[in-house]
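Read the structure below first, then the notes.
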Amino acid sequence: MGFEELLDEVGGFGPFQLRNLALMALPRVILPLHFLLPIFLAAVPAHYCALPGTPDNFSHQEAWLETHLPREPDGRFSSCLRFAHPQTLPNTTLEREAPSPGELEGEPSTVPCSQGWEYDRSEFSSTIATEWDLVCERKGLNRVASTLFFIGVLMGAVVFGYLSDRFGRRHLLLVAYVSTLVLGLTSAVSVNYVMFAITRTLTGSTLAGFTIIVLPLELEWLDVEHREVAGILSSTFWTGGVLLLALAGYLIRDWRWLLMAVTLPCIIGILSIRWVPESARWLLTQGRVEEAQRYLLHCARLNGRPVGEDSLSQEALNKVSTGEQVVPRPSYLDLFRTPQIRHISLCCMVMWFSVNFSYYGLSLDLSGLRLNVYQTQLLFGAVELPSKLVVYLLVRRAGRRLTQAGALLGTALTFGIRLLVSSETSSWSTALAVIGKGFSEAAFTTAYLFTSELYPTVLRPTGIGLTALVGRLGGSLAPLAALLDGVWLSLPKLAYGGIALLATCTTFLLPETRQAQLPETIQDVERKRCVYVSICKWMQVLRIQRGIHLHRYTWCMYKCVHMYFRVHALCTLCA
Numbered sequence: 001m002g003f004e005e006l007l008d009e010v011g012g013f014g015p016f017q018l019r020n021l022a023l024m025a026l027p028r029v030i031l032p033l034h035f036l037l038p039i040f041l042a043a044v045p046a047h048y049c050a051l052p053g054t055p056d057n058f059s060h061q062e063a064w065l066e067t068h069l070p071r072e073p074d075g076r077f078s079s080c081l082r083f084a085h086p087q088t089l090p091n092t093t094l095e096r097e098a099p100s101p102g103e104l105e106g107e108p109s110t111v112p113c114s115q116g117w118e119y120d121r122s123e124f125s126s127t128i129a130t131e132w133d134l135v136c137e138r139k140g141l142n143r144v145a146s147t148l149f150f151i152g153v154l155m156g157a158v159v160f161g162y163l164s165d166r167f168g169r170r171h172l173l174l175v176a177y178v179s180t181l182v183l184g185l186t187s188a189v190s191v192n193y194v195m196f197a198i199t200r201t202l203t204g205s206t207l208a209g210f211t212i213i214v215l216p217l218e219l220e221w222l223d224v225e226h227r228e229v230a231g232i233l234s235s236t237f238w239t240g241g242v243l244l245l246a247l248a249g250y251l252i253r254d255w256r257w258l259l260m261a262v263t264l265p266c267i268i269g270i271l272s273i274r275w276v277p278e279s280a281r282w283l284l285t286q287g288r289v290e291e292a293q294r295y296l297l298h299c300a301r302l303n304g305r306p307v308g309e310d311s312l313s314q315e316a317l318n319k320v321s322t323g324e325q326v327v328p329r330p331s332y333l334d335l336f337r338t339p340q341i342r343h344i345s346l347c348c349m350v351m352w353f354s355v356n357f358s359y360y361g362l363s364l365d366l367s368g369l370r371l372n373v374y375q376t377q378l379l380f381g382a383v384e385l386p387s388k389l390v391v392y393l394l395v396r397r398a399g400r401r402l403t404q405a406g407a408l409l410g411t412a413l414t415f416g417i418r419l420l421v422s423s424e425t426s427s428w429s430t431a432l433a434v435i436g437k438g439f440s441e442a443a444f445t446t447a448y449l450f451t452s453e454l455y456p457t458v459l460r461p462t463g464i465g466l467t468a469l470v471g472r473l474g475g476s477l478a479p480l481a482a483l484l485d486g487v488w489l490s491l492p493k494l495a496y497g498g499i500a501l502l503a504t505c506t507t508f509l510l511p512e513t514r515q516a517q518l519p520e521t522i523q524d525v526e527r528k529r530c531v532y533v534s535i536c537k538w539m540q541v542l543r544i545q546r547g548i549h550l551h552r553y554t555w556c557m558y559k560c561v562h563m564y565f566r567v568h569a570l571c572t573l574c575a
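Numbering follows the UniProt record's numbering, with no gaps: position 126 of the sequence shown is 126.
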């Protein structure tokens, strides 16, 4: 008897699983509140050099700025420069100071802002950019803060993936809640940029625990038939967090209070941990049969299944536990020791890097769009709902692999088309950005479900931790890639779209998992998707075609490659 049969007895989808999904909703809401927080936290409002001595009763502000600030090519006042000497305007009584010798022969000389900046407070009362003047020469520090946050997520994915395999999902979820609460509140009271950058990096590392733990806790209590609907349903909570962030950002315009507001829900999570069940699947792989029996009986009782202790006796569970043949202490090296696990890991790393790189590149860079930041964020959140509905339909009909590849291809195409759209047609650029957001969210939603089904139970959090690690590397590079517009304005979009296209091709190398049972051990993966079968098929085709003429050699190699992909995709000959 395997664990799937045990789930059939106690109920693979019922009130127990629905309660578990509800308990896991809070972490999924908290994640976008922090991951997309830089949209408001690090926003850079319109600004110009501080000009001391401005008369309080000066009624012609435009004329005053005209005498002190140069114009950019697009007609706006410069944000980073001012005239070395105030200029004289026609039909004004403002007198110009004596020009320097260098100004007599050319344009008026300009100097950087030396006394700070004045900021437009109509949209944001305070951000980290206005708090510590992260503009002009220091604007890179604004992007660095987001990059450091995702580097923290990257490091946390490694730690939590390993520890959750060693010590269980439930205890590490509590650690993630407590540490996120403490570090998030500490970030909100930062006294300088360095303290803020350090605490946000550490906050990112603790939030990674949610990304690693929540999905296995949901998935390992679900039967095969309901994994798709539960996966899509739980991912809608992320969309709820995106919409909630738009509302919170609109109502709270000060970055410190906003950061506190998105962190305090962790208190609810700490209080709810007592109702969160440990994964019985994981408990059996660790030989903790009594605990697994207690959770399974509780599941059967909530689901209304008439299962007694005899049906779930320790002897029966011991057989299931013994049959798992698990690696006692899984490590990241286990993801590369055997051929198929290694193949899956490498392909998933490329896929996850692209999904994060394009998603956060699109979400955090809102420049060039006609709408304001609140409207854009609300629209980006709203488009995710129909995207998830389409994913739910496609993963059931077309499968995980084709859905993932199609979503990545759609993301790449929207970036490519935006390169061809004129900057003057901002409405078209906005529409393409919204469509691209829908595709990138579809890729994100499918990636979680697809990856979790590829890895066996004993390596699932470790595998998700590795792919999340590489994915967060893509997320950390996405804000920095936006700075490439200083080299060429279209270079960031070209980078985002090109990486998405590369991942589209890589996705086709992964096996399909639709309607497949979750593998329990490494041996299950290697037995069902044995790479050596493809080699044997290659040799068989070559043996059959050994006497062919040279002009048919190309056809023979085509058959070999076709058979390779067929075996890796369907694996019907490996059982």
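For each residue, glycine too, the CB sits at the ideal point set by N, CA and C.
Under 8 Å by Cβ, that's how I've got residue i and residue j pegged, so tell me the actual separation to the nearest angstrom.
{"i": "F439", "j": "G416", "result": "At roughly 12 Å, the Cβ-Cβ gap does not stay under 8 Å, so F439 and G416 are not in contact."}
{"i": "A145", "j": "A197", "result": "6 Å"}
{"i": "L33", "j": "L245", "result": "5 Å"}
{"i": "P330", "j": "D165", "result": "5 Å"}
{"i": "G406", "j": "E512", "result": "Wrong, their Cβ atoms sit about 14 Å apart, outside the cutoff."}
{"i": "A316", "j": "V307", "result": "So it is not a contact: roughly 11 Å between Cβ atoms."}
{"i": "A50", "j": "C113", "result": "7 Å"}
{"i": "R281", "j": "F3", "result": "5 Å"}
Could you check what DSSP says for residue i in three-state terms: helix, strand or coil?
{"i": "Y119", "result": "strand"}
{"i": "V487", "result": "coil"}
{"i": "V111", "result": "strand"}
{"i": "S476", "result": "helix"}
{"i": "L181", "result": "helix"}
{"i": "G279", "result": "At residue 279 the sequence reads Ser, which differs from the Gly that was named. Three-state DSSP puts S279 in coil, outside helix and strand."}
{"i": "R71", "result": "strand"}
{"i": "V327", "result": "Below a pLDDT of 50, predicted positions are generally treated as unreliable, and V327, at 44, falls in that range; the measurement from the model is reported next regardless. In the structure shown, V327 sits in coil (DSSP, three-state: anything other than H, G, I, E or B)."}
{"i": "S126", "result": "strand"}
{"i": "G140", "result": "helix"}
{"i": "F508", "result": "coil"}
{"i": "R82", "result": "strand"}
Beta strand (DSSP E) containing residue i: first to last residue?
{"i": "C49", "result": "47-49"}
{"i": "L449", "result": "Taken as a continuous stretch (DSSP letters only), L449 belongs to no beta strand (DSSP E), being part of the alpha helix (DSSP H) at 426-454."}
{"i": "L36", "result": "Careful: L36 lies outside any beta strand (DSSP E) and carries neither H nor E."}
Check this for me: beta carbons of residue i and residue j, under 7 Å apart or not?
{"i": "residue 583", "j": "E118", "result": "Examination of residue 583 is not possible in this model, given that the chain is present from 1 through 575 alone."}
{"i": "G240", "j": "V383", "result": "no"}
{"i": "A447", "j": "S358", "result": "no"}
{"i": "R169", "j": "L233", "result": "no"}
{"i": "A176", "j": "M260", "result": "no"}
{"i": "S490", "j": "L419", "result": "yes"}
{"i": "C348", "j": "T451", "result": "yes"}
{"i": "I212", "j": "F167", "result": "no"}
{"i": "A478", "j": "G361", "result": "yes"}
{"i": "T110", "j": "Q87", "result": "no"}
{"i": "T504", "j": "L408", "result": "yes"}
{"i": "S272", "j": "L483", "result": "no"}
{"i": "N142", "j": "A42", "result": "yes"}
{"i": "F237", "j": "A443", "result": "no"}
{"i": "G475", "j": "N372", "result": "no"}
{"i": "T414", "j": "G436", "result": "yes"}
{"i": "L69", "j": "L473", "result": "no"}
Starting from residue i and walking both ways along the alpha helix (DSSP H), at which residues does that stretch end?
{"i": "F16", "result": "15-23"}
{"i": "L402", "result": "400-420"}
{"i": "R274", "result": "Where R274 is concerned, there is no enclosing alpha helix (DSSP H), given that its DSSP letter is neither H nor E."}
{"i": "W221", "result": "Neither: W221 is in no alpha helix (DSSP H) and is coded neither H nor E."}
{"i": "R256", "result": "255-263"}
{"i": "F336", "result": "334-337"}
{"i": "L371", "result": "Looking at the DSSP string, L371 is not in any alpha helix (DSSP H), and its letter there is neither H nor E."}
{"i": "residue 576", "result": "No answer is possible for residue 576: it lies beyond the span of the chain, which begins at 1 and ends at 575."}
{"i": "E291", "result": "289-302"}
Counting only beta-carbon separations shorter than 7 Å, does residue i have a partner in chain D?
{"i": "C266", "result": "You won't find chain D in this structure, because it holds only one protein chain."}
Pairing CB atoms from the region 149-159 with CB atoms from the region 197-206, are three or more of them under 8 Å?
-> yes
Inter-stretch contact at 8 Å, needing at least 3 Cβ pairs: the region 246-255 / the region 115-129 = yes
Would you call the region 340-353 and the region 459-476 touching, i.e. three or more CB-CB distances under 8 Å?
-> Three or more Cβ pairs closer than 8 Å define a contact, and the region 340-353 meets that threshold against the region 459-476.
Determine contact between the region 443-458 and the region 513-520, defined as no fewer than three beta-carbon pairs at a distance below 8 Å.
-> Short answer: they touch.
Are three or more beta carbon pairs between the region 77-86 and the region 281-289 nearer than 8 Å?
-> no
Taking 8 Å as the threshold, find out whether the region 7-25 comes into contact with the region 220-231 through three or more Cβ pairs.
-> yes
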